[in-house]
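Engineer: Got a structure here, written out as structure tokens. Questions coming.
Protein chains in written order, with my numbering: chain A, 274 to 769; chain B, 274 to 769.
Below is the structure:
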């Protein structure tokens, strides 16, 4: 890749200036077409320190209406990076449909820098490369136009530029220790950039541009961008094919096979509840200190008892360390982004617990059944979700998923009770009755979901909830056990 | 206040337990009514370290459906506090209509702690108290139900609790240096809390509860909350009266008096543009290092040339240090909060520039004229906006507001040109034509806005834009001059 890069020898400055003007006009015109076609664009500019990444972005955006783009300069700081998964900030920066995000360095710089600084292990390095490939594929499959540019300069050129910056009083502050370190380690960086690019060059190709010729680099970047958009406009929104990677799955029973008869008597319930909640309080303290993130996912039939179950889990937790995210229909700005975006942006910090009251599985249930997304979209989602959750557990998160299960008779009884109890009427809507009619369709979808997404790292648990109290105790037990295991594992890992 | 606090002597534990149960049931029922009445609630729990703030919140939320509340534990860290205005994180935490935010300590603790640590001057301390009063009044006037509780314990009790926490291995980590310091300085804190509460007790009253009796404190807090909500539900959403504080205003001409004939010739334009943009690049570097936040506000007639003007200002800026926020109609979750919320959450960090393409002045223009808010709301807004902007400039921000001005003939000419030029047609909509018909109404509103909100600290500039190039140069000159002044002032302040 980088080692074989041959800069263009000739540079016809006049021709470039003329073409650049034309390209700018085209980009300006494309803006409106992007909005109409609802195509989102991501432009990632990586490259050497002092190669001119910022200036390049400045030129690319100079003619575009500020309403249609954002520029993002990710920082590698403890707060933004260390307490969230590696790809968190890049996911957060995803543009809405019709808009463009320009990234002034991104996931490549982060991985390479941390690896060369020995802040991540070789194993983690390879894991991140895999995650980057998954991320880029998910973006492409979700209809994002992604352009990746590496701005290259030779060591000598970098020296001259850093010197010029460092010796002028008004720019001196711009040269930081990282830049100088990179320059000293130019060869190692070259090697590492090269390797990173080679390993992330399949779904979305890298483009290496010569940073030493500023005008030419602007021209070439603009040309690539205009071509990319033009291609996207002609072909329409890309929709990825469904595919199935082999994830280690846990075999799940069909819902119809689940025995819903288990109950618990009141005395036993009270005793167990108290014991488990006390233990959960202790464990919350420990995971907070060990900085283990915990993600609890609730799905289930209407009136299955999700709300009451969540309350029993939340009650013993320190309010400073947990959040409950009720998930309703997406808002316009959420609908205009990758379907996982609104979950990425709600992830907990390390050491925090977050409870999702309904989740990203809406994709393969309501969105599938109501036609809110295409067939390819929901079929592809099983794999996308498995990748998403693996990324969470690789990050160190405990991910537990509960299907709160009841049978149709129990639902009917609860619906009827809600209807007849004034203070519960708000809980029941016409939509609930309509959904109830689609029970069989939903059951097919849920069975398929449980079958395809109960991975070893992020398993599903079917919670028999005809007896709500039984369901609460079972859920609490699963959580307590999983947190104990996580704390234990965490200690073992530290002792290695 | 705190000094005269007399704890209740008798505590009928059984009666309290019974009442508490009733209160919980009432709160649960109120939840639905809050949603229907679209009433937002803020519960601020302040108090001594180890007084049991977290546990109190835990009890308050234990029966509420997690979909209807959030708990927030503000932290006083450089990132969240120092690089944003003091009230930023509390504004960010505002609940949506119908929901409740519980704050585990908030603006009181922040002000008192920073003051006692000498991290803010006496002057700044008083300024923050004023800002708190303004903030609370704006919340109340905007229909928020605000409950402020101080959880009190005696010094001896605090000692016992801190000791118990510190000596148990699993809770030891919870006692931090701040807590110990507060305990040592108990008397000074008592004095400071007392003063703070006395000075912020007019719009929204403080309630002091005895933290040493846990059950009683929960009961009393729950009782206060239920009463507050009950009162709110009975009386409906509160709408504050308009009022006018005296702000030092700059006299503005009526729009009809503005001479729109100034022009600039092409050669002069190019020369000036280059000079000013070069200077702006330098100044952006300086304000970035000096950490001066800059907020540029654009308002103006349709087709007045805002977009092109903004582009000329943005072009010389480093993309890493600025953002453009195009402001369209509020999204549902924005509409469901205080009208300034979506601007609070978009404020720049210190050292960054942000450009608002349309602003919070929509309140006194489109919202006023289209009836999107009540008469009291927009009449009150002049003052609320002046307070908001004073808070920004007190924080150290440069706030400049531009009214991009043209006459009706020029607008017609530009509309017609847009209509007749295929690549510009997207810029013109039926709504633009409809708005044009309301020119006279808008002119009245704009005149009133300019008259009432051109404060010395955040002045309006009318930019004559019949000649767009003239307008750009004038805007750039104003920005350059203001930034130079700010850098200069910043240096002088440091030298004091």
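Every residue gets a Cβ at the ideal spot worked out from N, C-alpha and C, and that includes glycine.
For residue 375 (chain A), does the three-state DSSP call read helix, strand or coil?
Structural biologist: strand
Engineer: Excluding the 5 residues flanking residue 630 (chain B) on each side, which residues of the same chain have their C-beta closer than 8 Å to its C-beta?
Structural biologist: 571, 579, 580, 583, 597, 598, 599 and 600
Engineer: So that I know if they touch, is there some Cβ in chain B lying closer than 8 Å to that of residue 344 (chain A)?
Structural biologist: yes
Engineer: At a Cβ threshold of 8 Å, is residue 647 (chain A) touching chain B?
Structural biologist: no
Engineer: Answer yes or no: does any C-beta atom of chain B fall closer than 8 Å to that of residue 577 (chain A)?
Structural biologist: no
Engineer: Terminal residues of the continuous alpha helix (DSSP H) containing residue 505 (chain B)?
Structural biologist: 487-508
Engineer: Just list the residues that DSSP pairs residue 314 (chain A) with in beta bridges.
Structural biologist: A:373 and A:418
Engineer: Look at the Cβ atom of residue 528 (chain B), then the Cβ atom of residue 716 (chain B), and state whether they are nearer than 8 Å.
Structural biologist: yes
Engineer: Would residue 580 (chain A) count as contacting chain B if we go by Cβ distances under 8 Å?
Structural biologist: With 8 Å as the cut-off, residue 580 (chain A) counts as an interface residue toward chain B.
Engineer: Decide if residue 287 (chain A) is buried, meaning its Cβ has at least 16 other Cβ atoms within 10 Å, or exposed.
Structural biologist: With fewer than 16 Cβ atoms within 10 Å of its Cβ, residue 287 (chain A) is classed as exposed.
Engineer: Going by DSSP, name the residue or residues bridged to residue 570 (chain A).
Structural biologist: A:629 and A:674
Engineer: Along chain A, in chain order, which residues have C-beta atoms closer than 9 Å to that of residue 375 (chain B)?
Structural biologist: By Cβ distance, chain A contributes 592.
Engineer: Give, in chain order, every residue of the stretch 555-574 of chain A whose Cβ lies closer than 7 Å to some Cβ of chain B.
Structural biologist: Correct list: 555, 558 and 562.
Engineer: In the structure shown, what three-state DSSP assignment does residue 321 (chain B) receive?
Structural biologist: Residue 321 (chain B): coil per DSSP, three-state reduction.
Engineer: Select from A:489, A:388 and A:442 the residue whose C-alpha is nearest the C-alpha of residue 468 (chain A).
Structural biologist: Sorting A:489, A:388 and A:442 by C-alpha distance to the C-alpha of residue 468 (chain A) places A:388 at the top.
Engineer: What does residue 630 (chain B) reach in chain A if we use C-beta pairs closer than 8 Å?
Structural biologist: 339 and 340
Engineer: Taking contact to mean 3 or more Cβ pairs, one atom from each stretch, closer than 8 Å, check whether the stretch 475-491 of chain B and the stretch 395-413 of chain B are in contact.
Structural biologist: Yes, they touch.
Engineer: Assign residue 613 (chain A) to one of three DSSP states: helix, strand, or coil.
Structural biologist: DSSP, reduced to helix, strand and coil, places residue 613 (chain A) outside both helices and strands of the structure shown, so it counts as coil.
Engineer: Which of the three DSSP states is assigned to residue 778 (chain B) in this structure?
Structural biologist: With chain B represented from 274 up to 769, any question about residue 778 (chain B) goes unanswered, as that position is not in the structure.
Engineer: Within its chain, find whatever has a CB closer than 8 Å to the CB of residue 276 (chain B); leave out the 5 residues flanking it on each side and keep chain order.
Structural biologist: 463 and 467
Engineer: Is residue 464 (chain A) near the ligand COA, going by C-beta to nearest heavy atom under 7 Å?
Structural biologist: With respect to the ligand COA, the structure offers nothing, as it holds no ligand at all.
Engineer: Check whether the Cβ atoms of residue 569 (chain A) and residue 757 (chain A) lie closer than 8 Å to each other.
Structural biologist: no
Engineer: Under 8 Å, do residue 482 (chain B) and residue 496 (chain B) count as touching if we go by C-beta distance?
Structural biologist: no
Engineer: With DSSP as the reference, please indicate the residues paired to residue 595 (chain B) in a beta bridge.
Structural biologist: B:626
Engineer: Using 8 Å as the threshold, is the C-beta distance between residue 383 (chain B) and residue 430 (chain B) below it?
Structural biologist: no
Engineer: By the DSSP assignment, the beta strand (DSSP E) with residue 344 (chain B) in it spans what residues?
Structural biologist: 342-345
Engineer: If you measure beta-carbon to beta-carbon, which residues of the stretch 586-615 of chain A are closer than 9 Å to chain B?
Structural biologist: From the stretch 586-615 of chain A, only 587, 588, 589, 590, 591, 592, 593, 594, 595, 596, 597, 598, 599, 601, 604, 605 and 606 have a Cβ closer than 9 Å to chain B.
Engineer: Under 7 Å Cβ-Cβ, which residues of chain B neighbour residue 327 (chain A)?
Structural biologist: Simply 591, 592 and 593.
Engineer: What does residue 795 (chain B) pair with, by DSSP beta-bridge criteria?
Structural biologist: Past the boundaries of the shown model lies residue 795 (chain B); chain B is included only from 274 to 769, so the question cannot be answered.
Engineer: Report the residues of the stretch 284-309 of chain B with a CB closer than 7 Å to any CB of chain A, ordered along the chain.
Structural biologist: Hits within the stretch, in order: 302 and 305.
Engineer: How about residue 298 (chain A) and residue 506 (chain A): are their beta carbons less than 8 Å apart?
Structural biologist: no
Engineer: Nearest-angstrom Cα distance between residue 362 (chain A) and residue 511 (chain A)?
Structural biologist: 24 Å
Engineer: Per the contact definition of three or more C-beta pairs closer than 8 Å, is the stretch 355-375 of chain A in contact with the stretch 338-346 of chain A?
Structural biologist: Cβ pair count under 8 Å is three or more, so yes.
Engineer: I think residue 335 (chain A) touches residue 525 (chain A), with their Cβ atoms under 8 Å apart; what is that distance to the nearest whole Å?
Structural biologist: Contact doesn't hold; Cβ gap of about 55 Å is too wide.
Engineer: Which runs of the beta strand (DSSP E), 3 residues or longer, sit entirely within the stretch 391-448 of chain A?
Structural biologist: 418-425
Engineer: Only counting the same chain, and skipping five residues up and downstream in sequence, which positions put a Cβ closer than 6 Å to that of residue 589 (chain A)?
Structural biologist: 550, 553 and 554
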